[in-house]
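In my numbering, the protein residues as written are 96 to 167.
By construction, the Cβ of each residue, glycine as well, lies at the ideal position given by its N, Cα and C atoms.
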């Protein structure tokens, strides 16, 4: 799988978590909405970090440090 597809997949997953999570949090009663948003942001951060680590490990010839230097 190409690196660009992995990056887009994880970005899409983070957006999906936010949009779907926002809908689900809006269904909760007011006191629980704060906890719901905390969980959504935490999940998005975890998915984003996993995506970053995967891209960093499978990166370019100079050690895989930068996403933008892997493709032209």
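Whole-angstrom distance between residue j and residue i, CA atom to CA atom
i: residue 124; j: residue 101; result: 36 Å
i: residue 150; j: residue 128; result: 33 Å
i: residue 99; j: residue 107; result: 12 Å
i: residue 148; j: residue 141; result: 11 Å
i: residue 103; j: residue 97; result: 10 Å
i: residue 138; j: residue 122; result: 18 Å
i: residue 111; j: residue 105; result: 10 Å
Supposed close pair residue i, residue j - CB separation, criterion 8 Å
i: residue 113; j: residue 135; result: 7 Å
i: residue 143; j: residue 120; result: So it is not a contact: roughly 19 Å between Cβ atoms.
Short Cβ contact (9 Å threshold) for residue i with residue j
i: residue 132; j: residue 116; result: yes
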